[in-house]
Amino acid sequence: MNKILTVVGARPQFIKAAAVGRKLREFGLEEVLVHTGQHFDKNMSEVFFNEMEIPKPNYNLDIHSLTHGAMTGRMMEHLETVMLKERPDGVMVFGDTNSTLAGALAARKLHIPVIHVEAGLRSFNMDMPEEINRILTDRISNLLFCPTDAAIENLQKEGYANFGNTIIKNGDVMQDAAIYYAQKAAEKSTIISELELAGKPFVLATVHRQENTDNPVLLRSIFNALNKINKETPVVAPLHPRTLGISKKEGIVAEFKVIEPVGYFDMVELLKACSLVMTDSGGVQKEAFFFHKNCVTLREQTEWVELVEGGYNMLSGSHDETIIAAYQVMMTRKNDFSKNLYGAGKASEVVAKALLNWSR
Ligand code: UDP
Numbered sequence: 001m002n003k004i005l006t007v008v009g010a011r012p013q014f015i016k017a018a019a020v021g022r023k024l025r026e027f028g029l030e031e032v033l034v035h036t037g038q039h040f041d042k043n044m045s046e047v048f049f050n051e052m053e054i055p056k057p058n059y060n061l062d063i064h065s066l067t068h069g070a071m072t073g074r075m076m077e078h079l080e081t082v083m084l085k086e087r088p089d090g091v092m093v094f095g096d097t098n099s100t101l102a103g104a105l106a107a108r109k110l111h112i113p114v115i116h117v118e119a120g121l122r123s124f125n126m127d128m129p130e131e132i133n134r135i136l137t138d139r140i141s142n143l144l145f146c147p148t149d150a151a152i153e154n155l156q157k158e159g160y161a162n163f164g165n166t167i168i169k170n171g172d173v174m175q176d177a178a179i180y181y182a183q184k185a186a187e188k189s190t191i192i193s194e195l196e197l198a199g200k201p202f203v204l205a206t207v208h209r210q211e212n213t214d215n216p217v218l219l220r221s222i223f224n225a226l227n228k229i230n231k232e233t234p235v236v237a238p239l240h241p242r243t244l245g246i247s248k249k250e251g252i253v254a255e256f257k258v259i260e261p262v263g264y265f266d267m268v269e270l271l272k273a274c275s276l277v278m279t280d281s282g283g284v285q286k287e288a289f290f291f292h293k294n295c296v297t298l299r300e301q302t303e304w305v306e307l308v309e310g311g312y313n314m315l316s317g318s319h320d321e322t323i324i325a326a327y328q329v330m331m332t333r334k335n336d337f338s339k340n341l342y343g344a345g346k347a348s349e350v351v352a353k354a355l356l357n358w359s360r
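When we follow the numbering used here, the leftmost residue of the sequence shown carries the number 1, and every step to the right adds one.
If you want it as structure tokens, here you go:
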């Protein structure tokens with residue numbers, strides 16, 4: 001393959017595309033970047049392109065703020081037009097968003113090979129929109145890059161040995177980003193001094209999963225827990241616009257420090273400085289590990305099972321009592337973070353080399 005069309009749309013995909021795109025360029029592959037527009041706020045999109053020096057997208061489809069069906073359908077229609085015009089050798093998609101599924105479906109129906117980075121992950125919760133997106137994307141992908149052994153095993157159990165696609169364990173491209181940008185973040189970010197956090201213990205929290213935000217009972221319960229924890233250890237939470245919107249609408253009050261979503265450099269500095277991470281984000285669970293922090297995951301399941309098995313992460317669910325109990329355990333648990341679970345920064349290079357050598 002020489003010409004890759006990459007589809008991005010949501011915050012974690014910009015971070016993944018930053019890492020993989022850099023390696024594509026290094027290995028002489030051409031990349032056409034398409035931003036679907038799924039995330040469009042300055043602090044959810046533009047800041048990542050600027051900080052991480054991601055090339056300006058060749059196309060911005062400006063599709064957002066729609067229901068799942070409308071969004072995915074409209075993206076497919078527009079992506080198809082771009083793909084017909086660009087005629088790439090492969091279409092690369094990341095993770096599990098509507099942009100991922102729309103890109104994969106549009107490409108496969110045009111007989112363009114689909115490359116899925118972060119394949120094989122499963123929560124086994126079919127009520128999650130992300131689970132639907134990842135299962136369907138995997139099934140129509142030609143090249144599946146799996147971050148972990150657990151992801152490979154999931155595909156094996158689903159019969160992928162019979163599907164004729166190529167499955168490669170490459171590690172996690174988010175670790176490549178964490179390693180590459182850690183120094184730059186330290187040089188550029190001033191968030192720790194701005195928030196007067198230097199040398200102080202604090203909990204870094206993020207909440208945005210639809211299963212938590214769309215259920216006011218659960219969201220209230222999470223905020224209750226964070227309010228109580230905040231009395232013992234200050235909680236700092238850069239909150240997703242969806243979470244901010246719903247909490248305001250439902251009158252769910254945060255007594256902890258809520259800030260606007262931050263850029264990647266600020267996030268890295270918060271991760272480095274915090275005492276504990278509490279999150280329902282997939283990416284942030286791993287980043288806690290990369291920056292040697294214990295994590296409480298505010299969900300019933302995780303796709304990153306090796307973190308739970310290794311004792312680095314504890315699933316608390318979304319009820320205040322179980323969240324507080326997990327906080328108490330994880331604040332004091334001592335862990336050795338030296339284990340190489342995610343490829344130690346080589347995941348994007350594996351992708352670039354495999355694409356260069358791949359033929360149907
Ligand atoms: N992130 C960020 N600023 C924030 C919150 C998260 O830069 O205010 C980064 C975080 O470091 C991680 C990514 O966004 O790299 C995770 O995205 P998100 O939690 O939105 O999605 P998920 O990983 O759950 O799909």
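Ideal placement from N, C-alpha and C gives every residue a C-beta, glycine not left out.
Asked: Straight-line gap, R342 to E255 (C-alpha atoms, nearest Å); Found: Arg is not the amino acid found at residue 342; the sequence shown has Tyr there. Cα to Cα, Y342 sits roughly 36 Å from E255.
Asked: Rounded separation between A273 and P88 - CA only; Found: 42 Å
Asked: Beta-carbon contacts of I324 that lie in its chain and below 7 Å, excluding the five residues immediately before and after; Found: A225, K228 and I229
Asked: C-alpha distance - A344 paired with K286, whole-angstrom precision; Found: 12 Å
Asked: Coarse secondary structure for P261, derived from DSSP in three states; Found: coil
Asked: Distance, A288 Cα to A19 Cα; Found: 18 Å
Asked: Assumed close pair T148, E300 - CB separation to whole angstroms, cut-off 8 Å; Found: Contact doesn't hold; Cβ gap of about 20 Å is too wide.
Asked: Beta-carbon gap between G120 and L144 smaller than 8 Å; Found: yes
Asked: Same chain, Cβ closer than 7 Å to K293, neighbours up to 5 away in sequence not counted; Found: L271, C274, L276 and V277
Asked: Chain-order list of residues whose beta-carbon lies under 8 Å from that of M52 (same chain, five-residue window excluded); Found: F14, I15, A18, A177, Y181 and Y264
Asked: Contact test: Y181 Cβ vs the ligand UDP heavy atom, cutoff 7 Å; Found: no
Asked: Nearest-angstrom Cα separation, counted from N125 out to G159; Found: 19 Å
Asked: Alpha-carbon to alpha-carbon, S318 and Y59; Found: 38 Å
Asked: DSSP three-state assignment for N98, whether helix, strand or coil; Found: helix
Asked: Near the ligand UDP: T137 beta-carbon under 7 Å from a heavy atom; Found: no
Asked: Exposure label - P57; buried when at least 16 CB within 10 Å; Found: buried
Asked: Residues bridged to Y59 (per DSSP); Found: V34
Asked: Inter-residue spacing [alpha-carbon to alpha-carbon] between T206 and K346; Found: 27 Å
Asked: Identity of the residues DSSP links to N313 by a beta bridge; Found: C295
Asked: Neighbourhood of L84 by C-beta distance below 8 Å, restricted to the same chain and skipping five residues each side; Found: L110
Asked: Status (buried if at least 16 other CB within 10 Å, exposed otherwise) for H68; Found: exposed
Asked: I192 in three-state terms, based on DSSP; Found: helix
Asked: Cβ-heavy atom distance, H64 to the ligand UDP, below 7 Å; Found: no
Asked: S379 and V296 closer than 8 Å at C-beta; Found: With the chain covering 1 to 360 only, the question about residue 379 has no answer from this structure.
Asked: Contact under 8 Å by Cβ, V82 with V47; Found: no
Asked: Near the ligand UDP: M174 beta-carbon under 7 Å from a heavy atom; Found: yes
Asked: Spatial neighbours of L136 in its chain, beta-carbon cut-off 8 Å, leaving aside the 5 residues before and after; Found: L101, A104 and L105
Asked: G283 CB to nearest heavy atom of the ligand UDP below 7 Å; Found: yes
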